Amino acid sequence: MNQTGPSNSFVPAQAAVFRVGRYVCGLFISSIQEINKNLTLTPVHEAPDYVRGIINLRGNIVTVIDLRRKLGLAPTTIETGTRNVIVKHDREMVGLLVDSVDDIVEIDRASVLPTPAHLAKELGDAFEGVVPLGSEIVAILQLRHLLNDVGSG
Amino acid sequence: MNDNEDAELLQVFLEEAREHLDGIEGDLLQLELQDDLDLEILNKIFRGVHSVKGGAGFFGLDAIKGLSHAMENVLGAMRKGQLRATPDSIGALLRSADALVQMMDNPSESAERDISGFVSELERIASGLGPAPSPALIGQAPSAMTAVSSPTPAPTGAAELPLSNTRDGRALNLQANSTSSAFEETSPGPPAAKPNPATPTTANGTSTESSIRVHIGILDRLMSLAGELVLTRNQLIQSHEADSTSNAEATQRIDHITTELQDAIMSTRMQSIGVVFQKFRRVVRDLANTLGKEVELTIEGEEVELDRSIVEAIGDPLTHLVRNSLDHGIERPSIRESQNKPRCGKLRLSALHKAGQVIIEIADDGAGIDPAKVKAKALEKGLCSKEQLLAMSESAIIKLIFRPGFSTAPEVTEVSGRGVGMDVVHSNLSRLGGVVDVQSNVGSGTLMRIKLPLTLAIIPCLLVGEEGESFAIPQASLVELHRIPAREVKHRIKKFGDVLVLRVRGELVPLIRLRNALRMPMNTYSTDNDDRLEDERETGYDRRQEPSTAVENRRDAPDRRGSHRSAVNVAVVAAGDFRYGIMVEALQDSLEIVVKPLGRHLRHCDSYAGATILGDGRLALILDVAAIGRRLQSADNNEALATAKLAAQRVTDSRDRMTLMLVENSGHELMAVPLGLIERIEQFTRSAIQQVGGKRTLTYRGRSLPLLAIEDVVGVAPCREGARGYAVVYRCHEREVGLVVSDLIDIIDSATDLDELTHRQPGVFGSLLVDGKVTLLLDIHAIARNSFGLPAPTPPEAAKRTRTILVVEDSQFFRERLVEFNRDAGYAVVAAMDGINGLELLDQHAEEIDLVITDIEMPRLDGFEFTRRLRQDQRFRDLPVIAVTSLMGEEAEQRGQQVGLTEYLVKLDRERILERISYHLHQRDEKRQWSAA
Numbered sequence: 157m158n159q160t161g162p163s164n165s166f167v168p169a170q171a172a173v174f175r176v177g178r179y180v181c182g183l184f185i186s187s188i189q190e191i192n193k194n195l196t197l198t199p200v201h202e203a204p205d206y207v208r209g210i211i212n213l214r215g216n217i218v219t220v221i222d223l224r225r226k227l228g229l230a231p232t233t234i235e236t237g238t239r240n241v242i243v244k245h246d247r248e249m250v251g252l253l254v255d256s257v258d259d260i261v262e263i264d265r266a267s268v269l270p271t272p273a274h275l276a277k278e279l280g281d282a283f284e285g286v287v288p289l290g291s292e293i294v295a296i297l298q299l300r301h302l303l304n305d306v307g308s309g
Numbered sequence: 015m016n017d018n019e020d021a022e023l024l025q026v027f028l029e030e031a032r033e034h035l036d037g038i039e040g041d042l043l044q045l046e047l048q049d050d051l052d053l054e055i056l057n058k059i060f061r062g063v064h065s066v067k068g069g070a071g072f073f074g075l076d077a078i079k080g081l082s083h084a085m086e087n088v089l090g091a092m093r094k095g096q097l098r099a100t101p102d103s104i105g106a107l108l109r110s111a112d113a114l115v116q117m118m119d120n121p122s123e124s125a126e127r128d129i130s131g132f133v134s135e136l137e138r139i140a141s142g143l144g145p146a147p148s149p150a151l152i153g154q155a156p157s158a159m160t161a162v163s164s165p166t167p168a169p170t171g172a173a174e175l176p177l178s179n180t181r182d183g184r185a186l187n188l189q190a191n192s193t194s195s196a197f198e199e200t201s202p203g204p205p206a207a208k209p210n211p212a213t214p215t216t217a218n219g220t221s222t223e224s225s226i227r228v229h230i231g232i233l234d235r236l237m238s239l240a241g242e243l244v245l246t247r248n249q250l251i252q253s254h255e256a257d258s259t260s261n262a263e264a265t266q267r268i269d270h271i272t273t274e275l276q277d278a279i280m281s282t283r284m285q286s287i288g289v290v291f292q293k294f295r296r297v298v299r300d301l302a303n304t305l306g307k308e309v310e311l312t313i314e315g316e317e318v319e320l321d322r323s324i325v326e327a328i329g330d331p332l333t334h335l336v337r338n339s340l341d342h343g344i345e346r347p348s349i350r351e352s353q354n355k356p357r358c359g360k361l362r363l364s365a366l367h368k369a370g371q372v373i374i375e376i377a378d379d380g381a382g383i384d385p386a387k388v389k390a391k392a393l394e395k396g397l398c399s400k401e402q403l404l405a406m407s408e409s410a411i412i413k414l415i416f417r418p419g420f421s422t423a424p425e426v427t428e429v430s431g432r433g434v435g436m437d438v439v440h441s442n443l444s445r446l447g448g449v450v451d452v453q454s455n456v457g458s459g460t461l462m463r464i465k466l467p468l469t470l471a472i473i474p475c476l477l478v479g480e481e482g483e484s485f486a487i488p489q490a491s492l493v494e495l496h497r498i499p500a501r502e503v504k505h506r507i508k509k510f511g512d513v514l515v516l517r518v519r520g521e522l523v524p525l526i527r528l529r530n531a532l533r534m535p536m537n538t539y540s541t542d543n544d545d546r547l548e549d550e551r552e553t554g555y556d557r558r559q560e561p562s563t564a565v566e567n568r569r570d571a572p573d574r575r576g577s578h579r580s581a582v583n584v585a586v587v588a589a590g591d592f593r594y595g596i597m598v599e600a601l602q603d604s605l606e607i608v609v610k611p612l613g614r615h616l617r618h619c620d621s622y623a624g625a626t627i628l629g630d631g632r633l634a635l636i637l638d639v640a641a642i643g644r645r646l647q648s649a650d651n652n653e654a655l656a657t658a659k660l661a662a663q664r665v666t667d668s669r670d671r672m673t674l675m676l677v678e679n680s681g682h683e684l685m686a687v688p689l690g691l692i693e694r695i696e697q698f699t700r701s702a703i704q705q706v707g708g709k710r711t712l713t714y715r716g717r718s719l720p721l722l723a724i725e726d727v728v729g730v731a732p733c734r735e736g737a738r739g740y741a742v743v744y745r746c747h748e749r750e751v752g753l754v755v756s757d758l759i760d761i762i763d764s765a766t767d768l769d770e771l772t773h774r775q776p777g778v779f780g781s782l783l784v785d786g787k788v789t790l791l792l793d794i795h796a797i798a799r800n801s802f803g804l805p806a807p808t809p810p811e812a813a814k815r816t817r818t819i820l821v822v823e824d825s826q827f828f829r830e831r832l833v834e835f836n837r838d839a840g841y842a843v844v845a846a847m848d849g850i851n852g853l854e855l856l857d858q859h860a861e862e863i864d865l866v867i868t869d870i871e872m873p874r875l876d877g878f879e880f881t882r883r884l885r886q887d888q889r890f891r892d893l894p895v896i897a898v899t900s901l902m903g904e905e906a907e908q909r910g911q912q913v914g915l916t917e918y919l920v921k922l923d924r925e926r927i928l929e930r931i932s933y934h935l936h937q938r939d940e941k942r943q944w945s946a947a
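Sequences listed follow chains A and B, in order. Everything in the first sequence is counted per the numbering used here, starting at 157 for the first residue and increasing by one. Everything in the second sequence is counted per the numbering used here, starting at 15 for the first residue and increasing by one.
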């Protein structure tokens with residue numbers, strides 16, 4: 157990876173930036189398996205409401221989670237920009253439904269700031285922290301929290 | 015070596031040691047059986063114990079080391095011919111091996127275990143017949159790995175390095191940490207033979223020589239990749255078919271390779287059943303000793319392969335069955351001798367492939383299962399009624415042992431009666447997709463036959479469709495499929511309380527719509543609601559759903575008329591003993607699917623057993639029939655289900671039921687008329703009634719209908735004078751008459767437990783309770799006769815000789831009616847309670863009986879079966895048989911024709927019945943005269 161910053165403490169890492177409702181979210185690509193348009197969802201009735209269904213990812217059954225629901229927003233409406241961000245968490249592949257994927261950027265891990273109070277209050281531990289990117293604030297998702305608490309919506 | 019590595023090494027050692035000990039058990043048993051000492055086996059045992067000892071020494075597990083050393087001494091003495099393999103010595107070795115296994119399970123605490131008892135026993139054995147061989151081996155190679163590299167000076171000179179380990183990934187790892195001489199083999203001493211990897215000679219040959227350990231996760235991954243490859247191959251073939259210019263040869267080759275690859279990968283999951291069977295040598299030996307029985311065990315088909323998950327799960331049910339055979343089946347030697355059987359009982363354990371399934375048999379030549387005892391037990395436990403038992407075949411009775419709550423052992427014994435019954439075996443096997451069957455002959459033995467699928471990873475399923483989605487139902491839990499034509503829906507599917515039930519051959523099966531079972535949102539309101547049962551939306555399932563607007567809309571939908579324009583599909587499934595039907599929109603394919611687990615976020619969705627990928631890449635959820643069934647029985651629905659069961663009981667007792675029309679005359683007295691007798695109902699206005707010569711007539715459509723008033727004959731209040739009234743029209747003496755009532759209340763299905771005394775009077779059969787109200791059951795024919803002053807009908811041609819009629823009817827009420835009016839008509843009557851009774855009477859009075867009247871719904875033997883059997887008897891081939899029923903149906907009539915019923919009539923239609931009796935008797939006379947002439 158190229159050193160683009162002058163500082164010694166610069167810890168660069170690539171992150172995907174995507175939109176989930178009114179939030180701009182980021183996820184370091186080290187935790188991303190792939191991003192695709194595989195949205196042939198098979199609904200699973202009786203599943204928690206944040207589960208949109210399951211997909212066939214090359215022979216694997218992958219649960220797809222509606223990130224908007226997870227962040228306390230209205231369900232995602234699937235449009236042309238909608239993407240499935242496949243992450244591997246706890247030895248299981250899970251798909252995260254996002255409204256659109258904007259970019260892959262380099263983020264200095266050291267520059268991740270604590271989640272602002274208003275966000276933290278709303279969403280608890282959903283975010284690891286935030287990074288300013290241009291005019292926007294990218295909220296880095298905390299997968300551990302998002303994918304661990306099974307059962308709650 | 016750091017601690018981590020140490021721990022890892024210890025694990026490797028323990029794993030290996032367990033493997034050695036597993037093999038030892040079988041080998042020791044084999045030694046015991048053989049007259050001549052098999053040195054090869056003995057050496058193998060020796061090597062196993064020796065490696066255990068060496069490893070234990072290395073890890074400082076002194077207790078394990080000490081015990082294995084003592085064992086080694088005994089084995090060494092045997093090898094030298096100083097000691098024979100007696101049951102005594104083998105028994106001691108087996109017990110010691112068990113102790114080793116136990117210590118191995120908890121190595122850190124093994125040091126505290128007192129092994130002196132085992133050691134002294136072994137020492138006694140070893141010393142009893144000569145000096146123990148060199149004890150110098152103890153602790154000789156404390157620093158070498160499993161003593162593999164120690165140039166053991168032991169005179170016995172075993173092949174120190176078990177060859178089997180060298181191919182083992184982890185074993186190699188272990189040796190890499192050891193000395194470089196790990197692969198050197200000390201030359202085997204004279205009596206020791208090298209194990210030959212190519213020919214595992216003993217039956218127990220743990221042929222790890224040609225295998226490696228692969229993590230099961232890798233195999234699963236390979237499996238799913240192969241599955242994916244198959245799908246891609248299919249797509250390739252399809253596109254090739256569409257476009258002939260592509261490379262046909264390559265496509266074909268890929269096709270072949272893919273198929274082979276899939277087969278090969280599938281086979282990696284297979285394991286031979288011998289792994290399980292071997293354990294039984296010991297089980298049978300020990301158990302026979304405990305029980306004081308002599309048993310010879312034969313094992314066949316150890317090489318038969320099954321999916322490893324099945325092999326793992328089959329052990330417990332098999333153990334239970336084997337224990338049962340030994341405990342209850344095979345008799346004590348003294349008893350066997352007294353019955354002229356060989357002292358030694360035979361137990362055969364076998365496996366074979368048949369039609370894509372594996373069949374495992376457990377056969378003994380013991381006492382067999384006595385159906386009489388099973389019957390008694392079933393009665394005592396209330397599993398069956400006497401009537402049910404009478405109707406059951408012997409094999410069906412024996413199968414009762416698989417019912418929950420059944421156990422044939424008179425007392426709980428240590429061996430097999432430990433609270434777990436055969437029902438557990440049965441349900442465990444069902445879970446594996448297996449079926450167990452039993453055949454038994456008293457005195458000669460029992461055969462248990464288990465059929466199992468080859469694999470659980472690929473299961474045959476039925477694909478069903480609901481709301482445009484596909485779901486898979488495992489064939490193993492599927493009982494039958496029904497497609498109910500639109501016109502039969504109303505008749506076959508009923509609602510009792512809140513529960514929908516399907517009538518299947520007289521039995522009622524609770525029904526649930528798949529959409530409701532899964533609480534699917536009803537979002538596609540417009541497409542297909544015609545074929546939906548209106549009722550089902552009112553079931554307990556719906557109530558739990560939030561009253562969405564969609565549901566409300568449906569309720570008020572204009573096309574909700576209760577008529578069903580399309581057929582209803584039902585898959586009847588069994589979850590243990592609970593049978594229920596799942597209603598689906600479409601029954602699709604039957605296919606083999608690969609089961610894939612669902613992710614953690616879906617683990618609370620217990621309606622599903624997993625998911626699968628269909629041929630076109632779509633996904634289908636696999637239904638967990640047991641879980642859905644449990645919910646159908648759960649608290650919310652308990653009440654509803656109880657109602658359904660009650661209703662089911664009532665309906666199964668339909669032989670004692672009839673459909674009645676409830677009418678009112680004065681506004682406060684309820685009366686009932688058997689619906690079957692009514693031709694039609696006419697509504698009239700008072701002005702249309704004409705009074706002529708004291709008789710009232712209703713003129714309508716240019717005809718006149720004589721009207722009868724109930725109060726003229728029966729002591730009830732006169733008909734309320736209103737502007738309108740109803741005439742219940744029926745036939746009497748070849749003409750139509752109308753019974754005047756003021757109101758029609760309802761049509762009900764009622765029991766016939768009739769009070770025939772309290773309201774006894776002309777024109778009344780008796781009284782019954784309808785919703786707590788006393789209701790008079792009217793004898794409308796008597797009312798007509800009384801009104802017109804007519805005598806009771808007699809057969810037109812008063813019989814020249816007395817004719818005898820056999821009446822077969824289980825309901826007392828109907829039987830008495832039939833007997834009564836036939837006697838009144840001048841016939842002699844013989845009455846039977848049910849079909850079996852009827853056949854007996856028929857046989858006794860074969861010459862006298864001229865005609866039979868039978869009910870259809872009867873216990874033990876119903877009217878259809880009664881007729882069928884009767885027709886098989888040459889004497890009764892032309893005997894007129896009239897069925898009387900309260901329910902007429904197309905289906906029943908067809909069935910009646912098939913079994914040879916002469917005619918179908920409605921119960922209580924006295925006129926018509928007598929008329930037809932007379933007609934058939936006449937026909938019969940003519941036929942006889944004609945054939946006599």
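Cβ coordinates follow ideal geometry from the N, Cα and C atoms, glycine included. Note that this is a predicted model, so its numbers are computed, not measured.
DSSP places Thr304 of chain B inside the alpha helix (DSSP H), whose first and last residues are Gly288 to Leu305. Collapsing the DSSP output to three states places Ala860 of chain B in coil. Considered as a whole, the segment 877 to 919 of chain B harbours 895 to 899 as its complete beta strand (DSSP E) runs of no fewer than 3 residues, in chain order.
The three-state reading of DSSP puts Glu929 of chain B in helix, counting H, G and I together.
Going by DSSP, Met462 of chain B is part of the beta strand (DSSP E) stretching over Gly459 to Pro467. With a threshold of 16 other beta carbon atoms within 10 Å, Ala741 of chain B meets it and is buried. Within the DSSP secondary-structure output, Tyr594 of chain B pairs in a beta bridge with B:Val587. Under the Cβ distance rule, Pro199 of chain A counts among the residues neighbouring chain B, one pair being separated by less than 9 Å.
Approximately 7 Å separates the beta-carbon atoms of Leu628 of chain B and Ser484 of chain B; this is inside 8 Å, confirming the contact.
For Arg533 of chain B, the residues of chain A that pass the 9 Å Cβ criterion are His201 and Glu202, in the order they occur in the chain. At a cut-off of 9 Å between beta-carbon atoms, Cys619 of chain B makes contact with chain A. Under DSSP, His496 of chain B takes part in a beta bridge, and its partners are B:Val584. Look at Phe73 of chain B here: in three-state DSSP terms it is coil, with no helix or strand label. With 16 or more other Cβ atoms inside 10 Å of its own Cβ, Gln276 of chain B counts as buried.
By the neighbour-count criterion, in which a residue is buried when 16 or more other Cβ atoms sit within 10 angstroms of its Cβ, Asn303 of chain B is exposed.
The DSSP-derived three-state label of Pro331 of chain B is helix. Taking 7 Å as the upper bound on Cβ-Cβ separation, chain A lies near residues Ser238, Leu239, Gly241 and Glu242 of the segment 238 to 252 of chain B.
For Thr265 of chain B, the three-state secondary structure derived from DSSP is helix.
Judged by their CB atoms, Val243 of chain A and Leu303 of chain A are nearer to each other than the 9 Å cut-off.
Secondary structure within the segment 773 to 797 of chain B: the beta strand (DSSP E) runs of 3 or more consecutive residues, fully enclosed, are 778 to 784 and 787 to 792 (chain order). In this structure, the CA atom of Ser364 of chain B is about 30 Å from the CA atom of Ser110 of chain B.
Across the structure, Gly80 of chain B and Ser491 of chain B are spaced so that their CA atoms are roughly 53 Å apart.
Counting of Cβ neighbours within 10 angstroms places Pro499 of chain B among the exposed residues, the total staying below 16. At a cut-off of 9 Å, the C-beta of Thr219 of chain A has a neighbouring C-beta in chain B.
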